Structures are given as C-alpha cells and as structure tokens.
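Student: Numbering (my numbering), first residue to last: 12 to 233. The beta-carbon is built from N, C-alpha and C at its ideal position, and this holds for glycine as well. Quick caveat: nothing in here was measured; it's all calculated off a predicted structure. This is the structure, below, for whatever I ask next.
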Ligand SMILES: [Zn+2]
C-alpha cells in the first residue's frame with residue numbers, strides 16, 4: 012500500500028501546493044480509463060491542455076495586503092484558473108472540500124458563476140439550474156430535483172463535505188456540445204474521415220513504450 016496523498020484545496024498561497032494539485036489532477040486524468048486499456052487520444056490531448064494551464068514556477072511578489080498567489084501560466088489569473096478548475100471538478104478530482112460555501116467561493120473566484128439568482132449559503136445551495144438543496148437540522152442536506160410536470164424528487168446527502176462534492180461535480184463543465192445537443196448532420200459527417208485517420212495514427216503511436224507503460228494504470232474492470 013502506498014502513502015495517501017491528499018489533493019490540496021484551493022486557493023493556494025504556496026507554489027508547491029499548486030504544483031501538487033496540478034500533478035495529482037494529471038495523474039487522476041491518466042487513471043480515468045480501465046486498467047489494461049490504452050491511453051486515449053482525447054485523454055492525451057486533455058493532459059496537454061491542462062499542461063498549458065500549469066502554475067507558473069514562481070508566484071508573483073506579494074503586494075501590500077495581498078499574498079503572492081501562484082498564477083496560471085496561460086491565463087495569468089490565480090491558479091487554478093477557470094479552465095483548470097473546470098477540468099478538475101468536472102472530472103471528479105477528489106478535492107477535500109469542507110462545505111458548499113467553500114466550493115462556491117473558489118468557483119466564483121475562478122470565474123464560474125451561479126445561475127441567475129443563485130446563491131450558496133451555509134444553509135442553502137442554488138447554483139446550477141435544475142436543482143437546489145437545503146441543509147437539515149441534523150447536518151444532512153435535502154436535494155430537490157425537478158421531474159416532469161412540476162414534480163420534484165428528493166435525495167438526501169450525508170453531510171456538508173458530501174454536499175460540497177456534489178456541488179463541485181455539477182459546476183465544472185455543464186452540458187458541453189455535442190452531448191445532448193442537436194448537431195448539423197453535414198457538419199458532423201464532415202469530421203468522420205479525418206477522425207478515422209487520426210485514430211489509425213494514434214493506434215500506432217500509443218504502442219510506443221512511453222505510452223504503453225500506462226496501459227496497466229486506471230480503474231480495475233470487473
Ligand atoms: Zn489557465
């Protein structure tokens with residue numbers, strides 16, 4: 012058994028904490044496949060994008076009243092930037108959030124906004140469209156999920172940390188095109204041949220030792 016390494020919780024004042032977050036995010040993305048499967052081309056490209064948004068080597072000098080926080084190398088905003096945070100929470104990186112208010116503050120600082128009229132308080136979560144949650148007296152949360160015809164289903168979430176994880180999971184990359192969207196058939200068909208060539212080329216590339224050795228990583232499959 013290895014030693015447990017925990018994902019640090021943003022925001023970061025310490026550049027090493029930012030670099031640890033970046034490394035764990037990339038390792039987590041690498042592991043988002045079945046053990047025994049080859050590294051996917053999309054996976055490899057996503058790692059490259061995340062790499063472009065790595066923290067700069069040196070945090071800026073602190074200015075009066077503001078600590079020098081590590082910055083994204085592409086966006087020049089505090090690390091993790093909007094893109095990196097979206098990838099991390101959208102992919103389900105196990106960040107040890109304390110409560111929904113902490114998540115909401117980090118999301119908003121990075122440029123992710125709640126829905127119109129949304130708010131997150133110690134007792135209520137209204138962030139993404141479609142659901143809301145209210146904290147109960149015993150510390151659990153009741154989540155209301157709209158069904159058809161104005162009816163609601165309710166789910167119970169165990170505690171503040173679990174509610175925070177649930178909020179983060181819905182806030183990262185909501186409804187990306189083309190999943191769930193209407194596509195233009197001509198546009199969609201036009202990409203097929205080039206994608207087929209890219210996959211064929213990748214099948215050769217992924218057999219190289221530096222990628223092949225990652226085949227054993229990932230989630231065990233039943
Ligand atoms: Zn960035």
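Below 6 Å CB to CB, which residues in the same chain sit around residue 97 once its five sequence neighbours on both sides are set aside?
Tutor: Contacts found: 183, 184.
Student: Which whole-angstrom value describes the C-beta separation of residue 102 and residue 40, a residue pair presumed to lie in contact below a C-beta threshold of 8 Å?
Tutor: Rounded, the Cβ-Cβ distance is 6 Å, consistent with contact.
Student: Could you pull the start and end residues of the beta strand (DSSP E) that residue 67 belongs to?
Tutor: From DSSP, residue 67 is part of no beta strand (DSSP E); its letter is neither H nor E.
Student: Under 6 Å, CB to any heavy atom of ligand 1. Which residues pass, going along the chain?
Tutor: Those residues are 64, 83, 85, 86, 92, 94, 95, given in chain order.
Student: Would a C-beta distance cut-off of 9 Å place residue 50 and residue 226 closer than the cut-off?
Tutor: Result yes, Cβ atoms of residue 50 and residue 226 sit closer than 9 Å.
Student: Taking C-alpha atoms, which residue in 135, 91, 92 lies nearest to residue 111?
Tutor: When each option's Cα is compared against that of residue 111, the closest is 135.
Student: Can you round the beta-carbon distance between residue 138 and residue 129 to whole angstroms, since I take them to be within the 8 Å contact cut?
Tutor: Their Cβ separation, rounded to whole angstroms, is 5 Å, which keeps residue 138 and residue 129 in contact under 8 Å.
Student: What are the boundary residues of the alpha helix (DSSP H) that residue 204 is part of?
Tutor: Segment 203-216, the alpha helix (DSSP H) holding residue 204.
Student: Buried or exposed for residue 216, please, with buried defined as at least 16 other CB atoms from any protein chain shown within 10 angstroms of its CB.
Tutor: Its Cβ having fewer than 16 others within 10 Å, residue 216 is exposed.
Student: With H, G and I counted as helix, E and B as strand and the rest as coil, what does DSSP make of residue 196?
Tutor: Three-state DSSP puts residue 196 in a helix.
Student: Select from 203, 173, 54 the residue whose C-alpha is nearest the C-alpha of residue 222.
Tutor: Considering only alpha carbons, the answer is 54.
Student: For the beta strand (DSSP E) containing residue 163, list its first residue and its last residue.
Tutor: Taken as a continuous stretch (DSSP letters only), the beta strand (DSSP E) holding residue 163 covers 163-168.
Student: Between the beta-carbon of residue 36 and the beta-carbon of residue 229, is there less than 9 Å?
Tutor: Cβ atoms of residue 36 and residue 229: not closer than 9 Å.
Student: Just to confirm, does residue 51 get its C-beta within under 8 Å of one of the non-hydrogen atoms of ligand 3?
Tutor: Absence of ligand 3 is noted for the structure shown, with ligand 1 being the only ligands found.
Student: Please determine if the segment 104-120 and the segment 191-210 are in contact, where contact requires at least 3 C-beta pairs separated by less than 8 Å.
Tutor: Taking 8 Å as the limit for Cβ pairs, the verdict is that the segment 191-210 does not touch the segment 104-120.
Student: In chain order, which beta strand (DSSP E) runs of at least 3 residues are fully inside the segment 135-164?
Tutor: Fully enclosed beta strand (DSSP E) runs of 3 or longer: 135-137, 143-146, 152-157.
Student: Going by DSSP, what residue range makes up the beta strand (DSSP E) through residue 131?
Tutor: Element bounds for residue 131: 130-132.
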